[in-house]
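Our numbering puts the sequence shown at residues 196 to 697.
For every residue, glycine included, the Cβ atom is placed at its ideal position computed from N, Cα and C.
Here the structure is a predicted model, which means the values were calculated and not measured.
In what follows, a single structure is set out as structure tokens and then discussed.
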Amino acid sequence: MPYVNFDAGTGDVSIGGISQTLRPKTFLLAQFLAERCGQVVSKDDIMAAVWADSIVEDQAIFQSVNEIRKAFTGYEVIKTHPRRGYTWLIPSTPQPQSAQLPLSKSTETAPTDIASGNNRQNVMLSLLLCAVLSIAGLGYWLSGHSPEGNTQPISPPESQHALLVLPFDTSQLDNNMHWLRFAAMDAVITEFNGQHNITVFQPDDVLDIVNRSSAGQNAPTSLFAVSAATLIVDGQLSGVPGDYHLSYTLYSRQSQQHNVIHATSLESLFSQVAQTLNARLSLSNAEHELTFEQQFNNTLLFNAMQLLNAGDAKSAVSFLQSAIVAMPEQADAYFWLAKALMALDDWQQALTVLEHLTSRPFIEKHRLLYSRTLYLKGSTLLMLQSETAHATLNQALLAAEKNQDWLYVAYAKSMLAQYFIRQQSPAAALPLLEQALLYQQMLQCPMGIVQGHLDFVDYYLATKQHAAAKASFQQAKRLVEDKQLVKVNPLIAVYTKKLASI
Numbered sequence: 196m197p198y199v200n201f202d203a204g205t206g207d208v209s210i211g212g213i214s215q216t217l218r219p220k221t222f223l224l225a226q227f228l229a230e231r232c233g234q235v236v237s238k239d240d241i242m243a244a245v246w247a248d249s250i251v252e253d254q255a256i257f258q259s260v261n262e263i264r265k266a267f268t269g270y271e272v273i274k275t276h277p278r279r280g281y282t283w284l285i286p287s288t289p290q291p292q293s294a295q296l297p298l299s300k301s302t303e304t305a306p307t308d309i310a311s312g313n314n315r316q317n318v319m320l321s322l323l324l325c326a327v328l329s330i331a332g333l334g335y336w337l338s339g340h341s342p343e344g345n346t347q348p349i350s351p352p353e354s355q356h357a358l359l360v361l362p363f364d365t366s367q368l369d370n371n372m373h374w375l376r377f378a379a380m381d382a383v384i385t386e387f388n389g390q391h392n393i394t395v396f397q398p399d400d401v402l403d404i405v406n407r408s409s410a411g412q413n414a415p416t417s418l419f420a421v422s423a424a425t426l427i428v429d430g431q432l433s434g435v436p437g438d439y440h441l442s443y444t445l446y447s448r449q450s451q452q453h454n455v456i457h458a459t460s461l462e463s464l465f466s467q468v469a470q471t472l473n474a475r476l477s478l479s480n481a482e483h484e485l486t487f488e489q490q491f492n493n494t495l496l497f498n499a500m501q502l503l504n505a506g507d508a509k510s511a512v513s514f515l516q517s518a519i520v521a522m523p524e525q526a527d528a529y530f531w532l533a534k535a536l537m538a539l540d541d542w543q544q545a546l547t548v549l550e551h552l553t554s555r556p557f558i559e560k561h562r563l564l565y566s567r568t569l570y571l572k573g574s575t576l577l578m579l580q581s582e583t584a585h586a587t588l589n590q591a592l593l594a595a596e597k598n599q600d601w602l603y604v605a606y607a608k609s610m611l612a613q614y615f616i617r618q619q620s621p622a623a624a625l626p627l628l629e630q631a632l633l634y635q636q637m638l639q640c641p642m643g644i645v646q647g648h649l650d651f652v653d654y655y656l657a658t659k660q661h662a663a664a665k666a667s668f669q670q671a672k673r674l675v676e677d678k679q680l681v682k683v684n685p686l687i688a689v690y691t692k693k694l695a696s697i
């Protein structure tokens, strides 16, 4: 087992024969953590010990940790415990081979329920946040790469493919998730690290390459001229916690391919991206010719998602209808066509699409999509004032609970509450509203929380509690303003008008 030595006189730290000179504060941080090897040390304790004489932000820790990790690439030096702190993993004196580091509480198995599912998502989000804050300090590293004005391509080690993943477009996400622009890029890159059949540009190289691009040359294809990349990934993230979507384009020097991926968590989303790209990289040119139909369909879905994100549901309908014609068993296309029709208030046509989808045998292979389709169908039936709405929404709720699809559990409970409010049974609606809001809070979904407060406005209006209705509306409005949830503004306007009449 390697061990670490510190030389306070020179600022040198050596591990397994590798010696690096660290900046003074970084040296102190490493030494402070190493003295508590195996223990979880909080950020507050680190700040008090290392930066007690100065006022700095948490980013200083992230940058120093990143510097240590980069200096000792190949060794797992520091472990991050999201929201808890850091653990130094390499002892400062030789230890018997049988010695083991103490396990932290974070290694204990969590119960399998919504809390554990949310914790896993929070772990992923916190790790990504650490990544993006570390990337924010990459200017420190970029200064040593090459002289200004040098436009020679950055050449990776020779391999069959060299993949360049660009920072993601996060403009469609809630304002509090825009940090995923760089963190998502880093997460996808991490999925490929350690693979021998492909070279992947690391985050600092990506930023260096982007900076080398000529002024005004922002198209991804322009980056081929300043890098040795053979493939470039450019993507857009959208959705909410529990329902994420990635529309991306894979560029080569000769062509481009589009794809859309849906997932309930960011971790799953990035894993799917890696799997899809790996499948693409393993195909020969001849095999690519055989996938023309699928690529054409992917392009139609990609264009539809771009239009839906831009708020143009009417144009999206045409692309989705074409995708269904091209591949009649493409379940996603039916689902998104129904959502687009619902956005246009074309409830009867949406119901026709949903009934067709739920009756087709291929939907049975898509358990998650099937339960979500049931929710859309139940919601549509409710809007059409059908007597079967309640039974369909209950079916959707049971299916979502079985799939542990907590976002749609919240949606189904919220819609069932609306059903009882419309049936003038608000007492039956109250527990459903409380549970729906709790799920949205646990998912940390701002738009869902806003909808939860607005649902309570409907409940309080139905029970003649006008003061409480106004209070719930103000909670929703404040959250919209704080999080800059501009997509919810039309809904806020609707409720403003409702409350103005009382």
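Between D207 and L461, the alpha-carbon positions lie close to 38 Å from each other.
Residue environment analysis places T459 among the buried positions, since at least 16 neighbouring C-beta atoms fall within 10 angstroms of its C-beta. Contact between the segment 202-219 and the segment 233-243 is absent: fewer than three C-beta pairs spanning the two stretches fall below 8 Å. Beta-bridge partners assigned by DSSP to Y443: G430 and N454.
The residue among G643, A526, S408 and L496 with its C-alpha nearest the C-alpha of P556 is A526. A distance below 6 Å between beta-carbons, with the five flanking residues on each side excluded, links A545 to the following residues of its chain, in chain order: A533, L536, M537 and T575. Going by DSSP, H276 is part of the beta strand (DSSP E) stretching over I273 to H276. In this structure the segment 466-478 does not lie against the segment 495-502, because fewer than three pairs of beta carbons, one per stretch, are closer than 8 Å. Taking F615 as reference, the option from A657, Q646, Q639 and V645 with the minimal CA-CA separation is A657.
Residues Y198 and C232 of the same chain have their beta carbon placed closer than 6 Å to that of P286, with the five preceding and five following residues left out of the count.
Restricting attention to L588, L224, C640 and N200, the CA atom closest to the CA of V675 is found in C640. Nearest C-alpha to E550 among D399, Y634, K572 and G204: K572. Take L368, set aside five residues on each side of it, and the residues of its chain with a beta-carbon closer than 7 Å to its own are L375, L432 and S433, in chain order. Annotation for A594: the continuous alpha helix (DSSP H) segment containing it runs A584 to N598.
Straight-line spacing of the CA atoms in V652 and L588 works out to 21 Å. The three-state secondary structure of Y281, taken from DSSP, is strand. Cβ contact annotation for L592 (same chain, cutoff 6 Å, sequence separation greater than five): A607, in chain order. Counting every other CB atom within 10 Å of its CB across the protein chains shown gives G506 a total below 16, marking it as exposed. Under the 10 Å beta carbon count, T691 is surrounded by fewer than 16 other beta carbons and is classified as exposed. Cβ-Cβ distances below 6 Å link M578 to W542 in the same chain, with the five nearest sequence neighbours on each side left out; the list follows chain order. No residue range can be given for D541, since it is assigned to no beta strand (DSSP E) and is classified by DSSP as neither H nor E.
9 Å or more divides the Cβ of H457 from the Cβ of Q490.
For A662, the enclosing alpha helix (DSSP H) begins and ends at H661 to K678. L476 places its beta carbon 9 Å or farther from that of V512.
Under the three-state reduction of DSSP output, D400 falls in the helix class.
In the DSSP annotation of this structure, N473 is not part of any beta strand (DSSP E); the continuous alpha helix (DSSP H) holding it starts and ends at L461 to L476. Non-local C-beta neighbours of Q467 in its own chain, meaning closer than 7 Å and more than five positions away in sequence, comprise I456 and A458, ordered along the chain. Beta-carbon to beta-carbon, A357 and T394 are separated by about 4 Å, close enough to satisfy the 8 Å threshold. The DSSP-derived three-state label of A357 is strand.
Looking at the backbone, the Cα of Q451 and that of P621 are separated by about 54 Å. Rounded to whole angstroms, the Cβ separation of F363 and A379 is 4 Å, and the two are in contact under 8 Å.
When the Cα atoms are used, L686 and M642 turn out to be separated by approximately 11 Å. The DSSP-derived three-state label of V421 is helix. Collapsing the DSSP output to three states places F267 in coil.
Each of L418, T494 and V405 was checked against the Cα of Y443, and the nearest Cα belongs to T494. Remark: C-beta atoms of S408 and V428 do not approach each other more closely than 9 Å.
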